[in-house]
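So the sequence shown is residues 93 to 379, counted in this note's numbering. We put the CB at the ideal spot given by N, CA and C, even for glycine. Please read the structure below before turning to the comments.
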Amino acid sequence: MGLEETKRRKNQSAGKKQIAILPTMIAALSGAFDDISKAIRLHRVWIALAHEDIGDQHRRTTLGPLWMLVNYFAFVGTFVFVFVTKDAINPSYIAYVAIGMLVWFYLNETISVSVSLFQREASFIQGTTLPLFVYVMRLTMQCVIRAAYSMAGCVLILLLSGYGTNMNWLFSVPGLLLIILATPAFVVVFAFLGAFFPDSEFIVGNMMRVGMFFTPVFWVYSGQEGVQKYAYHWNPFTYFLESVREPITAGTFPMHALAVTGYFCLGLWALALLLLGLYRKRIVFLI
């Protein structure tokens, strides 16, 4: 009887702990949604700040923000024409690389820059009462503006390479929208990671540089075995790329890629909301 009584008490104790966690989670989610709603109402603030940031980054330059377009052309040209392959003259391969670079640059910049977000905004966070999500959307808007220049370059490359427009291009829109929808969640997760672990700025930066070669940005997966097989199928970035690229290069609706990307976004947003709800008021003590 003594052993059974001990087990019963342990089960009761575990049940009470689980019940105690539930209100905390609900309060955290409520706080996160409150912070987000306040930030959305201040959309003019973070949109204006994002445009100002883009202007400041290219102030006194001859081309201004057009340098972002030049950088995109330089990278795509390097991978298509310098790393010459038998497919390099194939318009389909040029489209493959151009779209892959567009999506990868966006994701790479979003993640790499997010890690140090709260440190960069420390003076504003400590000196104002703006919702924390305002800074998240400020960076999100910056990344979207930058991507718009790269997208213009991508479309131009597709047209110049003889890869004509067709209705299949519209199938890329859901993939693009999912990527944009996931951006604030990426920013929140990696910004808190940088706040908790300052060394993660260098770790994440190095991982993203190496990750480019483990992601089918410029190499084509054709059923190979070994590292490429796992790098293609188990890399979440693969599905972000394919959800945008597959409709244009293969002419098919990327159902599988969109499904995987959608589930990944849901998990990422769940984590982001918990972090925002639990630590948004404590961030001043972490930076």
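Nearest in C-alpha terms to residue 189, of all of 201, 210, 167, 200, is 167. Taking a cut-off of 8 Å on C-beta distances, the stretch 368 to 379 touches the stretch 217 to 231, as three or more cross pairs fall below it. With contact defined as three or more Cβ pairs closer than 8 Å, the stretch 196 to 204 and the stretch 294 to 310 are in contact.
Around the beta carbon of residue 341, a 10 Å sphere encloses 16 or more other beta carbons of the protein chains shown; the residue is thus reported as buried. Residue nearest to residue 274 within the set 338, 145, 232, 184 is 232 (criterion: CA-CA distance). According to the DSSP assignment, residue 216 belongs to the alpha helix (DSSP H) that extends over 214 to 219. In this structure, residue 353 and residue 270 form a Cβ contact; the two beta carbons are roughly 5 Å apart against a cut-off of 8 Å. Within a 10 Å sphere around the beta-carbon of residue 295 sit fewer than 16 other beta-carbons, which makes this residue exposed. Counting along the chain, residue 223 sits inside no alpha helix (DSSP H), nor does DSSP assign it H or E at all. Taken atom to atom, the span from the alpha-carbon of residue 185 to that of residue 264 is near 17 Å. Under the Cβ criterion (8 Å, minimum of three pairs), the stretch 152 to 160 counts as touching the stretch 234 to 251. Note on geometry: alpha-carbon atoms of residue 376 and residue 119 lie some 20 Å from one another. Residue 235 is not a Cβ neighbour of residue 191, given a cutoff of 8 Å.
Every alpha helix (DSSP H) of 4 residues or more that sits fully in the stretch 249 to 333 is shown, in chain order, as 265 to 288, 292 to 303, 319 to 325. Between residue 202 and residue 278, the C-beta gap is smaller than 8 Å, which places the two residues in contact.
Short of 7 Å from the beta carbon of residue 288, and not among the five residues preceding or following it, lie these beta carbons of its own chain, in chain order: 378. Following the DSSP letters along the chain, one finds residue 368 inside the alpha helix (DSSP H) bounded by residues 347 to 371.
Straight across, the Cα-Cα distance linking residue 223 with residue 250 is about 41 Å. In the three-state reduction of the DSSP assignment, residue 169 falls in the helix class.
In this structure, residue 339 lies near residue 345, with their beta-carbon atoms less than 8 Å apart.
Residue 117 and residue 292 have their alpha carbons spaced roughly 26 Å apart. In the DSSP assignment, residue 141 falls within the unbroken alpha helix (DSSP H) covering 135 to 149.
Residue 335 places its beta carbon less than 8 Å from that of residue 349. Residue state for residue 379 is assigned as coil, using DSSP reduced to three classes.
By the CB criterion at 8 Å, residue 297 and residue 204 fall inside the cutoff.
Residue 374 carries a coil assignment under DSSP once its states are collapsed to helix, strand and coil. An exposed status is given to residue 317, since fewer than 16 other beta-carbon atoms sit within 10 Å of its beta-carbon. Less than 8 Å divides the Cβ of residue 283 from the Cβ of residue 206. A Cβ-Cβ distance of about 6 Å is found for the pair residue 127 and residue 372, placing them in contact under the 8 Å criterion.
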